[in-house]
Amino acid sequence: MFDFWKKRREAKQQRQADQVQRAQDAEQQRKIEQLLRTQKEFLALYEQPARPATLQDELARVKASIERGLRNDRG
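Yeah, the sequence shown ends on 94 if you go by the working numbering, and it's all consecutive.
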């Protein structure tokens, strides 16, 4: 009888540990994806353009970057 309760408690603890591990893995994956996205955006900002950039092009690029950052901060 005691073995039943012990096994049940151990199973519950294992499920909780698995759930925590899955949450940590998901958070780590999200951080990695955000880092890769940020690196890609950073490199895109500093690539040599095929043509000289105009002030309007630069302003549009900065505006888009800020908007992406705000969207990333929200969710």
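Even glycine gets a Cβ: it sits at the ideal position worked out from N, Cα and C.
- Between the C-alpha atoms of Ala45 and Gln35 there is a straight-line separation of about 15 Å.
- A straight line joining the alpha-carbon of Trp24 with that of Gln32 spans about 12 Å.
- Collapsing the DSSP output to three states places Thr73 in coil.
- In this structure, Gln53 and Asn91 form a Cβ contact; the two beta carbons are roughly 7 Å apart against a cut-off of 8 Å.
- Judged by DSSP in its simplified three-state form, Glu66 adopts coil rather than helix or strand.
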